[in-house]
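Asker: At position 459 of the sequence shown (counting the first as 1) the number is 485 in our numbering, and the numbers step up by one without a gap.
For every residue, glycine included, the Cβ atom is placed at its ideal position computed from N, Cα and C.
Below is one structure. I have some questions about it.
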Amino acid sequence: MQKGEAAKELCTMLGGDMVSTDAGLIARHCQDWHGDITSSAIALLRPRSTEDVSRAVRACAKLGLGVVPQGGRSGLALGAVPDAPESQVVLSLERMDRVRSLSAQDFTAVVEAGVVLESFKEEVAEAGLYFPLALGAQGTCQIGGNVSTNAGGVNVLRYGMTRELVLGLEVVLPDGRVLDRLSRLRKDNRGIDLKQLFIGAEGVLGIVTAVSFKLMPAPDQVSTALLALDSLEGAIELYRLARRQCCDLMSAFEFLPAEAFTLAREGIPDLSLPLEPAHRAYALVELSGSGLVDIEALLSQFLELAMEEGLVRDGVVAQSKAQARNIWLVREGMNEGQARRGKHLRTDLSVPLSELAAFVAEAEAAVGEALPGAVCVSYGHVGDGNVHLNVLPDPEGMEALDQQIFRAKTVLNGVLDRYDGSISAEHGVGRLKKADFAARASSVQHDLLGRIKRAIDPNLTMNPGCLIDLES
Ligand code: FAD
């Protein structure tokens with residue numbers, strides 16, 4: 027069937043409110059976050075209810091069209107961008123944007139997939155509670171995308187990844203049936219926990235339409251510090267000390283290299299730096315808690331000890347929410363700064379914490395040798411063994427940028443494999459890392475993934491081209 031005919035059929039079957047063939051709108055929904063990739067699709071589907079999603083999925087199955095589920099398009103692995111414009115539609119959850127219920131008694135909420143993470147956090151805060159998932163793209167990403175990528179973010183070391191926050195799911199399956207498991211139970215061991223299959227599945231098994239989440243009591247004290255250190259090794263030592271001294275009251279520990287300040291200023295030109303960048307490495311540490319604990323005193327004691335042990339050279343402790351925000355802007359602005367430098371290699375790697383410093387040193391040296399003009403920027407949620415070791419290619423280099431990026435990735439992955447690390451700590455596989463993932467998966471892993479996919483999606487219509495390639 028021709029693209030135009032398929033779009034017409036969809037309009038007839040689903041109605042003009044749900045189906046858009048507006049070229050400009052489709053183009054916006056077919057671009058990745060960084061604008062590196064622009065694709066196209068037969069149509070954009072924007073359902074308003076679970077029933078709509080079910081009808082849309084059945085219609086696409088009837089016409090043999092692939093369905094690419096889409097949230098806020100902030101995913102960094104190209105999972106939500108179609109790659110076969112002649113045979114795929116984008117299904118955006120953006121109109122399913124209701125918090126269905128919120129219970130302060132149960133510490134739970136049921137929320138639709140299209141709700142933007144930040145709005146959800148705000149609504150939860152208004153009820154005096156706290157939803158701990160927090161990441162740089164929270165003003166854009168949606169709950170369905172968070173669940174489908176099993177997003178991590180800055181609070182993982184205390185609250186876990188998204189998977190640990192999910193109590194239940196509502197999912198539209200590839201045949202249009204609805205798996206309705208919006209449980210609010212904290213304990214439920216009735217056999218195999220099916221919802222786990224859909225968390226982090228990147229939309230290849232079905233469309234998440236609603237989620238039931240655990241909520242937490244809101245912390246009434248938060249202390250944020252930016253500390254100057256000697257090295258990444260020193261940062262990891264400091265992390266271990268913080269873990270021992272502050273235990274579960276530490277909610278974030280981010281590593282920043284010296285370049286973070288320059289990049290953050292490039293990303294946010296009017297940013298006033300919280301301290302003078304005169305050292306080689308920095309750690310952003312945040313403690314939070316409620317009730318009888320004294321978070322400020324705990325942070326002071328920890329800092330005293332860290333200074334005595336010679337781990338901290340300088341630092342600033344935020345005295346207000348505005349100052350804390352300013353510290354976080356250095357971390358967030360450095361992403362923006364890198365984006366402004368143009369095309370570059372973005373990675374999301376993990377190795378065991380005890381090997382992280384050695385891995386970064388070896389990987390940066392290997393990249394430096396292969397691409398002498400390139401700049402490595404290593405930073406991230408190091409407490410989780412997770413590092414974004416990004417490579418900014420040399421714009422004046424002999425090789426084209428894409429070639430430099432490919433070579434840097436090959437060199438990095440070679441080092442990573444020796445450490446038995448992961449090519450995707452939290453961003454998923456999508457279309458971007460599919461080949462690298464396939465090259466590292468064992469035959470048993472391939473076989474199991476293929477069987478699960480075929481069992482749930484026998485016609486392979488759900489997000490085709492994402493995560494794994496199977497022949498129909
Ligand atoms: P999308 O990009 O729209 O989709 C992502 C994947 O999920 C795709 O495969 C898509 O098909 C699928 N999908 C989306 N919605 C559904 C649904 N309802 N049902 C089934 N499948 C669906 N990630 C982290 O883990 N930690 C971070 O700290 C972090 N920081 C970031 C900072 C920045 C500045 C940016 C740009 C991104 C960051 N990310 C981070 C990545 C990204 O924000 C997360 O992966 C986020 O969870 C994606 O949500 P989304 O709604 O944008 O999903």
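1) Measuring CB to CB, does V198 end up less than 8 Å from V79?
2) If you measure from the CB of A236, is any heavy atom of ligand 1 nearer than 7 Å?
3) Pull up the CB-CB distance for L275 and L337, whole angstroms please, since I reckon it's below 8 Å.
4) From C86 to I321, what distance separates their C-alpha atoms?
5) Over the uninterrupted alpha helix (DSSP H) stretch that includes D462, give me the two end residues.
6) For C402, count neighbouring C-beta atoms within 10 Å of its own C-beta (all shown protein chains included) and say buried if the count is 16 or more, exposed if not.
7) Using a threshold of 7 Å, is the CB atom of Q96 nearer than that to any non-hydrogen atom of ligand 1?
8) Are the Cβ atoms of E190 and G293 separated by less than 8 Å?
9) Mapping the DSSP letters down to three states, classify A251 as helix, strand or coil.
10) From D206 to V192, what distance separates their C-alpha atoms?
11) Tell me the DSSP secondary structure of I233 in three-state form.
12) Under the assumption that G140 contacts G454 (Cβ atoms under 8 Å), give the Cβ distance between them as a whole number of angstroms.
13) Nearest to F287 by alpha carbon, out of C37, A304, H60, R81?
14) Which residues in the same chain have their Cβ closer than 7 Å to the Cβ of Y445, if we skip the five residues on either side of it in sequence?
15) Per DSSP, G92 forms a beta bridge with which residues?
16) Taking three-plus beta-carbon pairs below 8 Å as touching, is the stretch 69 to 84 in contact with the stretch 113 to 125?
17) Taking C-alpha atoms, which residue in A392, E144, A251 lies nearest to A348?
18) For M276, name the three-state secondary structure that DSSP assigns.
19) Taking 7 Å as the cut-off, is the C-beta of R99 nearer than that to any heavy atom in ligand 1?
20) Which one of A365, I218, P243, E228 has the shortest CA to CA distance from A153?
21) Look at A135 and E196 and say whether their C-beta atoms are less than 8 Å apart.
22) Determine the closest residue to V5 out of E144, Q131, A130, D123, with distance taken between C-alpha atoms.
23) Out of P421, K147, G491, state which residue places its alpha-carbon closest to the alpha-carbon of E228.
24) For D483, does the count of other Cβ atoms within 10 angstroms reach 16, so buried, or fall short, so exposed?
25) For A464, I'd like the list of residues in its chain whose CB is within less than 8 Å of its CB, leaving aside the five on either flank, ordered along the chain.
26) Could you pull out every residue in the same chain whose Cβ sits closer than 8 Å to the Cβ of L223, ignoring the five residues on either side in sequence?
27) For ligand 1, any of its heavy atoms closer than 7 Å to the Cβ of T64?
28) For ligand 1, I want to know if C505 counts as a neighbour, meaning its beta carbon is within less than 7 Å of at least one of the ligand's heavy atoms.
29) Tell whether a beta-carbon distance below 8 Å holds between G101 and G406.
30) Tell me the residue span of the beta strand (DSSP E) that contains V386.
31) Confirm the yes/no value for this check: CB of N485, any heavy atom of ligand 1, distance under 7 Å.
32) Need the endpoints of the alpha helix (DSSP H) that G440 sits in, please.
33) Is it the case that the Cβ atoms of A389 and L427 are separated by a distance below 8 Å?
34) Only counting the same chain, and skipping five residues up and downstream in sequence, which positions put a Cβ closer than 7 Å to that of T373?
35) Report the start-end ranges of each beta strand (DSSP E) in the stretch 100 to 145 that is 3 residues or longer and not cut off at the edges.
36) Count the other CB atoms, across all protein chains shown, that sit within 10 Å of the CB of H4; report buried if there are 16 or more and exposed otherwise.
Answerer: On the basis of the supplied data:
1) Yes. Within cutoff.
2) Taken from the Cβ of A236, every heavy atom of ligand 1 lies 7 Å or farther away.
3) The Cβ separation is near 19 Å, so there is no contact.
4) When rounded, the distance between both Cα atoms is 54 Å.
5) D462 -> alpha helix (DSSP H) spans 460 to 466.
6) With 16 or more Cβ atoms within 10 Å of its Cβ, C402 is classed as buried.
7) True, at least one ligand heavy atom lies under 7 Å from that Cβ.
8) The answer is no: Cβ separation not under 8 Å.
9) Annotated three-state conformation of A251 is strand, per DSSP.
10) Looking at the two C-alpha atoms, the distance is approximately 14 Å.
11) I233 falls in the strand class under three-state DSSP.
12) That pair is no contact at about 19 Å.
13) The option with the nearest alpha carbon to F287 is A304.
14) So the qualifying residues of the chain are V377, E381, F385.
15) Beta-bridge pairing by DSSP links G92 to Q114.
16) With a cut-off of 8 Å, the stretch 113 to 125 and the stretch 69 to 84 count as touching, because enough Cβ pairs lie within range.
17) That would be A251, whose Cα lies nearest to the Cα of A348.
18) Secondary structure at M276: strand, using DSSP grouped into helix, strand and coil.
19) Correct: R99 has its Cβ closer than 7 Å to ligand 1.
20) For the residues A365, I218, P243, E228, the minimum Cα distance to A153 belongs to P243.
21) No. Outside cutoff.
22) The first residue shown for the chain is 27 and the last is 498, placing residue 5 beyond what the model contains.
23) Per the Cα distances, G491.
24) Using a 10 angstroms sphere on the CB of D483, the tally of other CB atoms reaches 16 or more, which defines it as buried.
25) Correct list, in chain order: H472, I494, D495.
26) Contacts found: L231, I478, I482.
27) No, the Cβ of T64 stays beyond 7 Å of every heavy atom of ligand 1.
28) There is simply no residue 505 to check, as the chain begins at 27 and stops at 498 in what is shown.
29) G101 places its beta carbon 8 Å or farther from that of G406.
30) Looking at the DSSP string, V386 is not in any beta strand (DSSP E); the run it does join, the alpha helix (DSSP H), is 382 to 396.
31) Every heavy atom of ligand 1 is 7 Å or more from the Cβ of N485, so no.
32) Element bounds for G440: 427 to 444.
33) Going by C-beta atoms, A389 is not nearer than 8 Å to L427.
34) If we look at T373 and ignore the five residues flanking it on each side, its Cβ neighbours are H414, L415, N416, L438.
35) List check, beta strand (DSSP E) in window: 114 to 118, 125 to 129, 134 to 138.
36) This structure cannot speak to residue 4, because the chain is shown only from 27 to 498.
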